[in-house]
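Chains R and E, in that order, give the protein sequences.
The opening position of the first sequence corresponds to residue 49 in the numbering used here, with each subsequent residue numbered one higher.
The opening position of the second sequence corresponds to residue 4 in the numbering used here, with each subsequent residue numbered one higher.
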Amino acid sequence: DTEVTQTPKHLVMGMTNKKSLKCEQHMGHRAMYWYKQKAKKPPELMFVYSYEKLSINESVPSRFSPECPNSSLLNLHLHALQPEDSALYLCASSHLGNTIYFGEGSWLTVV
Amino acid sequence: ELKVEQNPLFLSMQEGKNYTIYCNYSTTSDRLYWYRQDPGKSLESLFVLLSNGAVKQEGRLMASLDTKARLSTLHITAAVHDLSATYFCAVVYSENSGGSNYKLTFGKGTLLTVNP
Numbered sequence: 049d050t051e052v053t054q055t056p057k058h059l060v061m062g063m064t065n066k067k068s069l070k071c072e073q074h075m076g077h078r079a080m081y082w083y084k085q086k087a088k089k090p091p092e093l094m095f096v097y098s099y100e101k102l103s104i105n106e107s108v109p110s111r112f113s114p115e116c117p118n119s120s121l122l123n124l125h126l127h128a129l130q131p132e133d134s135a136l137y138l139c140a141s142s143h144l145g146n147t148i149y150f151g152e153g154s155w156l157t158v159v
Numbered sequence: 004e005l006k007v008e009q010n011p012l013f014l015s016m017q018e019g020k021n022y023t024i025y026c027n028y029s030t031t032s033d034r035l036y037w038y039r040q041d042p043g044k045s046l047e048s049l050f051v052l053l054s055n056g057a058v059k060q061e062g063r064l065m066a067s068l069d070t071k072a073r074l075s076t077l078h079i080t081a082a083v084h085d086l087s088a089t090y091f092c093a094v095v096y097s098e099n100s101g102g103s104n105y106k107l108t109f110g111k112g113t114l115l116t117v118n119p
């Protein structure tokens, strides 16, 4: 099983809303990642969690708040987003230093 | 800072022809990935290249890695329409010697269109 599951697949939210993106894997991976991808651009790293601790934050605005409640789950809490935050948000996981598996992504539209 | 350069960015091919996509990177790395992305979809892992001289093949695609030249190639043989997609190379970089802070940095991608 090499599956990373992301929910919801599509999300439309207003600029004053609070919502969350969820990611789950059951491969025993201890590294989990959030990437953001705008149309016709490569994915850009946002956060890395290693052993449930935040190890990399790529200077992401505080309106994005990651959370890793346990080794299988990764959340991205969203608050007061801007229309330019509309993008595909990709979760990924890996054993440290090994193949990185991506989920199907969550399409976010901020209106 | 690791830089990953892919070229060409756009590639229009005829069915049956061969072509190569190039991926150069700026910092020592021991792991390089090739991904495929169809419109509106996520990333599909094609190849992981782990060592100098590594060559992997799957169907009409073959990837190779030269760590000394910091160069990977994705060779397409006898292209077919089903190969139309965006192809990304991505290079792993670890910020610390313990290797716990892995960053995967992507090239800009190559939009491949295979025409009849």
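Every residue, glycine too, gets a C-beta built ideally from N, C-alpha and C.
*If you pair each beta-carbon of the region 60-72 of chain R with each one of the region 120-139 of chain R, do three or more pairs fall below 8 Å?*
yes
*Kindly list, in the order they appear in chain R, the residues whose Cβ is closer than 9 Å to that of L49 (chain E).*
Going along chain R, no residue has its Cβ under 9 Å from L49 (chain E), so there is no contact; the nearest lies around 11 Å.
*In its own chain, which residues sit with a C-beta less than 7 Å from the C-beta of T30 (chain E), not counting the 5 before and 5 after it?*
L5 and Y96
*asked:* Just to check my reading of the structure: A82 (chain E) and K20 (chain E) have Cβ atoms closer than 8 Å, yes? What is that Cβ distance to the nearest angstrom?
replied: 6 Å
_Using C-beta distances below 6 Å, list every residue in its chain close to L74 (chain E), excluding the 5 sequence neighbours before and after it, in chain order._
N27
*Does DSSP put R69 (chain E) in a helix, in a strand, or in coil?*
First, the amino acid is wrong: residue 69 (chain E) is Asp here, not Arg. Correct three-state label for D69 (chain E): strand.
_Within-8 Å CB hit, F150 (chain R) to chain E_ = yes
_With 16 other Cβ atoms within 10 Å as the buried cut-off, status of H77 (chain R)_ = buried
_Beta carbon of P11 (chain E) nearer than 8 Å to that of T113 (chain E)_ = yes
*Please list the partners that S54 (chain E) has in chain R, where partner means a Cβ-to-Cβ separation under 9 Å.*
Those within 9 Å of S54 (chain E) in chain R number zero; the least Cβ separation is about 13 Å.
*Do you know offhand how far T159 (chain E)'s Cα is from E72 (chain R)'s?*
This structure cannot speak to residue 159 (chain E), because chain E is shown only from 4 to 119.
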